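This report refers to the structure that appears directly beneath it.
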Amino acid sequence: MLNFIDYSIILIYFLILSFIGFYFSKRQKSTDDYFKGGGRIPSWAAGISIFGTALSPITFLAIPAKTYSTDWLYFIFNITIFLIAPIIIYLFIPFYRKLKIKTAYEYLEKRFNVYIRLIGSICFIIYQIGRIGVVLFLPSLALNLIIGIDIFFCISIIGIISLIYTLIGGIEAVIWTDVMQVIILLTGVIISIFAIISSIDGGIIKIIEIAKIDGKFKTFDFTFSLNEPTIWVMLIGGVFTNITSYGTDQTIVQRYLVTKTKDDAKKSVWINAITSIPATFIFFFVGTALYVFFKLNPKELNENFISNDAIFPWYIITQLPEGISGILIAAILAAAMSSLSSSMNSASSSYINDIHKRFFEKRLAKSLRTSRKSTLIIGLMGIVFAFFLISNDLKSLWDEFNKILGLIIGGLGGVFLLGFLTKKANSFGVLLGLVFSFIIQFFIVKYEVTHLIMYTATGVISSFVLGYFFSLFRFMKSK
């Protein structure tokens, strides 16, 4: 269990976050500072921030839990970022930087109309509120199961501290805390790997030997099926999910806009992609190593008490020495808070620039006070949603997260691609295609037509094809 040293480490971590927030609050003179950092962010920091934003508790806890209970079939999904990095660099970033936009959805109005922009922004904000809830819920649930801390208290304290430094420090505080949190997070997980290896007779050779015999390293399934985690599902689903996330998600697009130059923005994408490969391997290996450890030490696992999503924290609390446990718990919190702060700031940016500025007084939209108020409201809504999740029985939050991503964001990815890749796409066709895409997505989920990893792909494809078809129909009719 945690002791005084562990709690002291966690407290110091919280104090450092608060200090960073207050330090950067002095630079917040306008909404440009609050949401774009005044263009002062170096490419390496933006790249690490992209990595930190994407690397949430979904990665830190749920991926080790997934590989602990299954195998490495999802590995390909996570490294498809390398396949889409050139697309982001040569297609999306030049568009965004040339237009000098403040949000990704501002482009939708320039290309189509204000209603498409509004739909995109609202969908994004709703998704981010849901994401905040999931990101808060996962580590809080794990800590509740492991050390008995009240789950409502966990959600409240993690959410409020994240909200405080995001609220006062803006995007600069978010990015620089991301840098610190990524360092803590990777340090923590590497320490845990060495701890697991050293606790097993035979070390890493024994881990590989047992895991190989039990089929835990299975990475490729060439069965032609879209209902199972085959290589085809991982490749197709991964490519479309990453195009949508890295090309149209304001939490990531915002990082392309905070750097000084377009080349810096491109470098940040490569920094994230390069960092993602070893990190993915590390997190997958943690799950496999945990499987071997608990197979060799079954008495250390109370199966009536633990859930798979909490397997990593269970090891941290029960097996690691004092001080080390505190570092690992701080790493879990870092994984959560780097994603939370990004979601809060980017959702607020979208509200201010896409809704408030567009439909209310522009004078108010320039107010730093209004921006902070919207951050506060969005953060609190996410915390409330996390409370709602407590009453729901979710077997795997990683699965649920990917399902939500596909349902809400997939169709919007198709809209962006219609704008970038076609000239005949128009607002009428895009809007109609988006509506029918949502309907198709509903039935795909209801009848489980494909694996959930494919939901984003089906959303993008249906939105793109139908949007283009209806646009073409309107175009010919106008002639």
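Heads up, the sequence shown is in the numbering used here, so the first residue is 47 and it goes up one at a time. Virtual Cβ for every residue (Gly too), placed ideally from N, Cα, C. Just so we're clear, the structure is a prediction, and the values are computed from it rather than from any experiment.
Could you name the residues that DSSP lists as bridge partners for residue i?
i	result
L305	For the record, residue 305 in the displayed sequence is Thr; it is not Leu. DSSP lists I87 as partners of T305.
Given a cut-off of 8 Å on the beta-carbon distance, is the pair residue i and residue j in contact?
i	j	result
F97	S385	no
L187	I197	yes
I499	V279	yes
A432	G205	yes
A219	F70	yes
T334	K262	yes
V338	A241	no
G475	S508	no
N354	Y114	yes
T504	I490	yes
I230	A376	yes
T99	D224	yes
N49	E494	no
Y153	L145	yes
S238	I362	yes
S314	T326	no
G166	N391	no
V332	V228	no
Check for me: the alpha helix (DSSP H) holding residue i runs from which residue to which?
i	result
Y292	277–294
P140	139–145
E155	152–157
N273	Taken as a continuous stretch (DSSP letters only), N273 belongs to no alpha helix (DSSP H), as it is neither H nor E.
D117	Run containing D117: none; DSSP gives neither H nor E here.
L232	197–244
I528	With the chain covering 47 to 525 only, the question about residue 528 has no answer from this structure.
P132	127–133
S54	50–71
S437	It is not in any alpha helix (DSSP H) - S437 carries neither H nor E in the DSSP assignment.
A377	370–396
A257	249–259
D79	77–82
Nearest to residue i by alpha carbon, out of the options?
i	options	result
I320	L129, W278, W360	L129
T77	A471, T416, G428	T416
I455	I236, I370, G465, T287	T287
G513	L63, F158, Y114, M390	F158
I168	I398, F406, A471	I398
T307	W90, L61, I259	W90
S95	F406, W222, G479	W222
S202	L458, V461, L379, Q300	L379
L458	R163, K144, S394	R163
L464	I429, E494, V506	V506
F340	S208, W360, F330, A325	W360
I134	I289, R86, N472	I289
D267	V299, I230, L281	L281
F170	T504, I424, L435	I424
I127	I229, L101, K146, D310	L101
N124	I109, R143, L414	I109
I243	R301, T212, I328	I328
S437	Y136, V180, L231, P367	V180
I87	D309, A111, I172	D309
Segments assigned beta strand (DSSP E), at least 3 residues, entirely inside the region 306–360: Assignment of beta strand (DSSP E) within the region 306–360, counting only whole runs of 3 or more residues, yields no such run.
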